[in-house]
Each structure stands twice: as C-alpha cells, then as structure tokens.
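Participant: Taking numbering that gives the first Met the number 0, the leading residue of the sequence shown gets 0, the next gets one more, and so forth.
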Amino acid sequence: MVKVWGKVLVLGLLIWFLGWSPVWAESLGDRLDHYPQWQDLPSLNPVQTGEDLIYPDWFAGTWQVASTLIDQVAPLAPDLVTPGFAANETLIGQPFLFRVRFQPQTNFLVKPLSLPRQTAAAIVADRAFNGAEIARAYLGEKTVQKVEVDPQNPNRQLTILKGDRRLISTVTGRAQAQPEPDQFFSSELTQQQFQSSEQIYLNRVETTTDYQQLDSDHVTANQVTAIYLSPSDPDFFQAQNKPVALYHYHLELTKISE
0 MVKVWGKVLV LGLLIWFLGW SPVWAESLGD RLDHYPQWQD LPSLNPVQTG
50 EDLIYPDWFA GTWQVASTLI DQVAPLAPDL VTPGFAANET LIGQPFLFRV
100 RFQPQTNFLV KPLSLPRQTA AAIVADRAFN GAEIARAYLG EKTVQKVEVD
150 PQNPNRQLTI LKGDRRLIST VTGRAQAQPE PDQFFSSELT QQQFQSSEQI
200 YLNRVETTTD YQQLDSDHVT ANQVTAIYLS PSDPDFFQAQ NKPVALYHYH
250 LELTKISE
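1) Please classify Ser256 as buried or exposed, where buried requires at least 16 neighbouring CB atoms within 10 angstroms.
2) Taking the continuous alpha helix (DSSP H) assigned at Gly130, which residues delimit it?
3) If you reduce the DSSP assignment to three classes, tell me which class Thr269 lands in.
4) What is the DSSP secondary structure of Asp29, reduced to helix, strand or coil?
5) Go to Ile87, then tell me how far its alpha helix (DSSP H) extends in each direction, as first and last residue.
6) State yes or no: is the C-beta of Leu166 within less than 9 Å of the C-beta of Val218?
7) Assuming His65 is part of the beta strand (DSSP E), what are its boundary residues?
8) To the nearest angstrom, report how far apart Pro150 and Ile159 are at their CA atoms.
9) Using CA atoms only, rank isn't needed, just tell me which of Pro82, Gly60, Gly92 and Pro74 is closest to Val99.
10) Taking the Cβ atom as the reference point for each residue, do Asp70 and Pro35 lie within a distance shorter than 9 Å?
11) Please list, in chain order, all residues of the same chain as Ala238 whose beta carbon is under 8 Å from its beta carbon, the five residues on each side excluded.
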C-alpha cells in the first residue's frame, strides 16, 4: 500500500499533461484561490468517449518542463493520513525535468448516420509521449515499461510498470476556461486502478491548473493535485468526498526548437 500511494504524487501530475466545457458554479480560478480549503469534489462536466482536452494554440510544440512540488497538505490528519504522504515531503523544492508535446488533433469524429469528418486542427496533448516522459522522470527509466492510450478513447490510458504492475487511468470529468488570451484553466477528475499480483487498488485524482503564457516560448503554471478515496475504500465513510491529500506544484515550460 505504501508503494502505491508513493506513486500518486507522480500519477496525478501525469494526468494533466495527457491530455471545452462550460464554466461551472465555482470558477477554476476561485477553486485554486481557496487552496487548501477544499471540502468536496469539483463540479465537472462528464467526459464522453472520444472527447479530449483542447488547449490554446500557444501550447503547440514540444516543451521542456521543470515541475517543483512546493507544498503538500493532509486535510484529514491526524485521523486519516495516506501511506507515503510523509515520504513525499522529501520531494518538496526538488525540480523534476521532462518533456511534453502538444499537437494538432488528427482523429475523426463519427456521429450516428453520418460520414466521418475531420475535426478542426485543435491542439491536444500527445498523451502517450507525455505519460512516458513524466513517469520515467519520477520513477526511473527501468521502472516504466510502456504507456498506451486507447485509440478509440483518449481519456483512457494504460501504464505498464516493472514487476507486472499496471495503472489504468480514465478521465471521468473535465472543465476548462480561457478568461484571457494568455491564461488557461483546466481541471480533470480521473479514476485510477492500480493492479499488481498482490492487490487491486482504486482512487480518484483531481488535477486543476492555471497556465500563464509569458511569451511564445515560456509558460508558467500553478497546479494542485487532490487525492480522493474510492467509494470502495474501507476509509471512504470517514473521508467521503473530501480530499485526503493535496499537492501544490509550480511548473515552468520552455519551448524546445524543433
């Protein structure tokens, strides 16, 4: 169990790079401003199969990312503290470097009784590339064997780890907003299933991010990843839909010449 929770910090970060929705009652900016006073799950729009997170055009290209954990909170401590939370404290202030890529969407949308049509060149994440880069940066080259994305559903991803361990991640909720041309908010809720020869473990991860474009080659971001217990967890009755762990990151993205 400790090893599983130790990966949550990494896998929550992985979610937002793998990857329009109406703005909901509590704006994404308000939610980040209220950190760490989060009392419930965000109100997101249900994700439909085949839908992807669309980024502003200024995301297009390949970026070098420096991701730094600057704060972590266990809101239900001391009654409920997740295994691995204390160990993650050693990562505070330590930047992790990896690449991410965003590119024009190339899949087809097919509606009932209609012919396939090419979508507009919306910018989406290269989920397989980004997932592999982030996981290997945090877990090591030898630990991560493969990252696969369902070709029919960009919201479903499989990460295969050494030792016959698997992580199945499925995005179930999403919201996004662009209040200014150089600012972009996104939030996703993902159901995660860890599989190993010893156990199957479920949890839910929210990743809410505020991106600021500084210029054409530089972006910074303020991001919070929240961990929620699955309803099948023995401690769910105590936690309900309150986060059991919160991780606050600062991100710096620098475009790589191609």
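Cβ coordinates follow ideal geometry from the N, Cα and C atoms, glycine included.
Facilitator: Per the coordinate set shown:
1) Reading the sequence shown from its first residue, position 257 is the one you call residue 256. Within a 10 Å sphere around the beta-carbon of Ser256 sit fewer than 16 other beta-carbons, which makes this residue exposed.
2) Stepping through the sequence shown from its first residue, residue 130 is reached at position 131. Unbroken alpha helix (DSSP H) run through Gly130: Arg126 to Leu138.
3) The structure shown has nothing for residue 269, since the chain only spans 0 to 257.
4) To locate residue 29, count along the sequence shown from 1; it is residue 30. Correct three-state label for Asp29: helix.
5) For this step, residue 87 is matched to residue 88 along the sequence shown. Here residue 87 turns out to be Asn, not Ile, going by the sequence shown. Per DSSP, Asn87 belongs to the alpha helix (DSSP H) from Phe84 to Asn87.
6) In the sequence shown, the residue the question calls residue 166 occupies position 167. In the sequence shown, the residue the question calls residue 218 occupies position 219. Contact flag unset, no.
7) Here the question's residue 65 lines up with position 66 in the sequence shown. Note on residue identity: the sequence assigns Ala, not His, to residue 65. Where Ala65 is concerned, the enclosing beta strand (DSSP E) stretches over Gly60 to Val72.
8) If you number the sequence shown from 1, residue 150 lands on position 151. If you number the sequence shown from 1, residue 159 lands on position 160. Going by the C-alpha atoms only, they are around 17 Å apart.
9) The count along the sequence shown starts at 1 and reaches residue 99 at position 100. It is Gly60 whose Cα lies nearest to the Cα of Val99.
10) Position 71 of the sequence shown, counted from the first residue, corresponds to residue 70. Position 36 of the sequence shown, counted from the first residue, corresponds to residue 35. In this structure, the beta-carbon distance from Asp70 to Pro35 falls below 9 Å.
11) Counting from 1 along the sequence shown, the entry for residue 238 is found at position 239. Excluding positions up to five away in sequence, the list reads Leu75, Leu79, Tyr227, Leu228 and Asp232.
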